[in-house]
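Numbered per our numbering, the sequence shown spans residues 302 to 635.
From the three backbone atoms N, C-alpha and C, an ideal C-beta is built for every residue, glycine too.
What you are looking at is a predicted structure, and each value in this text was computed from that prediction instead of being measured.
Accompanying notes for the structure given below.
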Amino acid sequence: MNANDRPAFDRYNHSDNNRRKNSMYELAYPGPIAASAEFSSLPMIVALEGYADAGQAISQVSSHLLQALDSTPVATFNVDELIDYRARRPSVTLDHSRVAGREKLNLVLHLVKDTNDSPFLILTGPEPDLKWESFGKAVTELAQRCSVERVVTLYSAPMTVPHTRPLVVSAHASDPSFIKDFHSWGARMIIPGSAALDIELKLKEAGLETVGLTAHVPHYIAASDYPEATRALLEAAGKLTDRSIPVGALDADVERMQRQLADQVDDNPEIATVVNALEQQYDLESERQRQRKESNLLEPGQDIPTGEELGAEFEAFLAEMSDGSGETTEGGEE
302 MNANDRPAFD
312 RYNHSDNNRR
322 KNSMYELAYP
332 GPIAASAEFS
342 SLPMIVALEG
352 YADAGQAISQ
362 VSSHLLQALD
372 STPVATFNVD
382 ELIDYRARRP
392 SVTLDHSRVA
402 GREKLNLVLH
412 LVKDTNDSPF
422 LILTGPEPDL
432 KWESFGKAVT
442 ELAQRCSVER
452 VVTLYSAPMT
462 VPHTRPLVVS
472 AHASDPSFIK
482 DFHSWGARMI
492 IPGSAALDIE
502 LKLKEAGLET
512 VGLTAHVPHY
522 IAASDYPEAT
532 RALLEAAGKL
542 TDRSIPVGAL
552 DADVERMQRQ
562 LADQVDDNPE
572 IATVVNALEQ
582 QYDLESERQR
592 QRKESNLLEP
602 GQDIPTGEEL
612 GAEFEAFLAE
622 MSDGSGETTE
632 GGEE
């Protein structure tokens, strides 16, 4: 086998050092990305835990995908360069007065096959505490080497919404046309930064398509598992990456959580009052959003037509009306 027949990452590892090896990550050997048309364009999902992970949705997304689908490591990041262990202390197991083991913190880019055997990438693990600039550049470098065109980043945030209404997934993107089917924000906002947001910015600057999805989790359940947010993010990510992602296994967990919440509301009038107020707020906002969409004649990202374009459309309309049986007189009557 000659050099050109080796897998893409294999060729990189055996290059003549035309490129300096990035010490922030180690490529899998042999590399799972083959130099074939099958992998000519891969979508990537970024699911970093620790920043916006209300309802444990992001960590559950990672676990679900890696357990439900076939996956292979592509690159493993050096967590010693990225994690502040004193701020994020790994758990240690003591077994009969002996230190038996320590939790492993892994930050890995995986190649995953969906239920139709279509490949995609997912970056999983804890959000880095350190070196966001270098980390973002490294992720961008990997995305370019893997011929990634679109990256979908997942977030989950506590919101003043009730669990009794449909879960909202809001979106932001490098191109508004990507997210016309999602809730989006019409105002300028300044929010706390994160490594994932930094990655989005660097990928966009490198010319890749970027989409960020945020699940709106009821704030009173944000510290517990909320599988409905996990399912909603998986469905939205599958739609945006054109990948078939199984979510049926989560249905039982969603129903169980809804029953538990319903029981708590029934047993506690104070909780019921809060939920009722949130329902009214949610319904008012939903109606406002519906009216705003109905009053907006333009599609997201569509430009207002110029005077010349409007004139051309009007002339074409008049020509159509005067053709055949639609012929009009000067008085406007047929």
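Suppose you measure from the CA of residue i to the CA of residue j; what does that come to, to the nearest Å?
i: V400; j: L406; result: 18 Å
i: P547; j: A563; result: 27 Å
i: N319; j: Y352; result: For N319, the predicted structure reports a pLDDT of 38, less than 50, and the residue's modelled location is therefore unreliable. A value from the coordinates is still provided. The alpha-carbon atoms of N319 and Y352 are separated by roughly 36 Å.
i: G633; j: Q592; result: Caution applies to G633, whose pLDDT of 45 falls short of 50 and renders its modelled position unreliable; the value that the coordinates give is listed next. If you take the alpha carbons of G633 and Q592, they lie about 35 Å apart.
i: L431; j: L498; result: 14 Å
i: E442; j: D482; result: 30 Å
i: D396; j: V576; result: 44 Å
i: E556; j: P463; result: 16 Å
i: A524; j: Y330; result: 39 Å
i: L514; j: S398; result: 45 Å
i: I500; j: V375; result: 18 Å
i: R446; j: R532; result: 30 Å
i: H484; j: R390; result: 37 Å
i: I522; j: M558; result: 10 Å
What three-state label does DSSP hand residue i in the structure shown?
i: T542; result: helix
i: P477; result: helix
i: A432; result: Reading off the sequence shown, one finds Lys at residue 432, where the question assumed Ala. Coil at K432, not helix or strand.
i: H464; result: coil
i: K405; result: coil
i: S363; result: helix
i: H520; result: helix
i: M345; result: strand
i: G513; result: strand
i: I423; result: strand
i: S485; result: coil
i: T574; result: helix
i: D564; result: helix
i: D396; result: strand
i: S324; result: coil
Can you tell which of the options has the C-alpha that lies nearest to the C-alpha of residue i?
i: A388; options: P427, Q559 and L367; result: P427
i: E506; options: G487, A523 and D476; result: D476
i: A355; options: E556, T574, V470 and A550; result: V470
i: E350; options: S495, A537 and R557; result: S495
i: P502; options: V453, V566 and S457; result: Just to set this straight, residue 502 is Leu in the shown sequence, not Pro. Here the closest residue by C-alpha is V453.
i: L579; options: V380, D381 and T465; result: T465
i: S392; options: D385, E404, I384 and E382; result: E404
i: L541; options: S363, C447, H517 and I480; result: I480
i: Q368; options: D430, L514, I500 and K414; result: K414
i: A516; options: L455, S478 and M558; result: L455
i: T373; options: L422, D526, T461 and W433; result: L422
i: P459; options: P570, A358 and Q582; result: A358
i: Y583; options: A488, T531 and V518; result: V518
i: G437; options: L504, E382 and D381; result: L504
i: L383; options: D554, A488 and P429; result: P429
i: D554; options: L534, E529, S364 and Q581; result: E529
State yes or no: is the beta carbon of residue i nearer than 7 Å to at least one beta carbon in chain B?
i: A388; result: Given the protein chain composition of this structure (a single chain), no chain B is represented.
Quick one: is residue i buried, meaning 16 or more other Cβ sit within 10 Å of its Cβ, or exposed?
i: W486; result: exposed
i: S360; result: buried
i: R589; result: exposed
i: R544; result: buried
i: E586; result: exposed
i: R560; result: exposed
i: I491; result: exposed
i: E645; result: Because residue 645 is not part of the residues shown, which for the chain are 302 to 635, the question remains open.
i: G292; result: The question about residue 292 has no answer, for the chain in this structure spans 302 to 635.
i: E571; result: exposed
i: Y386; result: exposed
i: A474; result: buried
i: A488; result: exposed
i: S457; result: buried
Within the same chain, show all residues whose beta-carbon is closer than 8 Å to that of residue i, passing over the 5 residues directly before and after it, in chain order.
i: E450; result: S342, L343, P344, L509 and E510
i: D567; result: A573
i: A439; result: N323, M325, Y326 and F378
i: P467; result: none
CB-CB under 6 Å to residue i, same chain, minus the five flanking residues each way: which ones, in chain order?
i: A538; result: I346 and V453
i: E327; result: T377
i: L424; result: V347 and L410
i: S337; result: Unreliable placement is indicated for S337, whose pLDDT of 41 sits below 50; no coordinate value is reported for it.
i: Y527; result: G356 and V518
i: V380; result: L406 and L408
Going along the chain, which residues of its own chain have a beta-carbon closer than 7 Å to the beta-carbon of residue i, five neighbours each way excluded?
i: L370; result: V413, K414 and D415
i: H520; result: P459, M460 and T461
i: S435; result: M325
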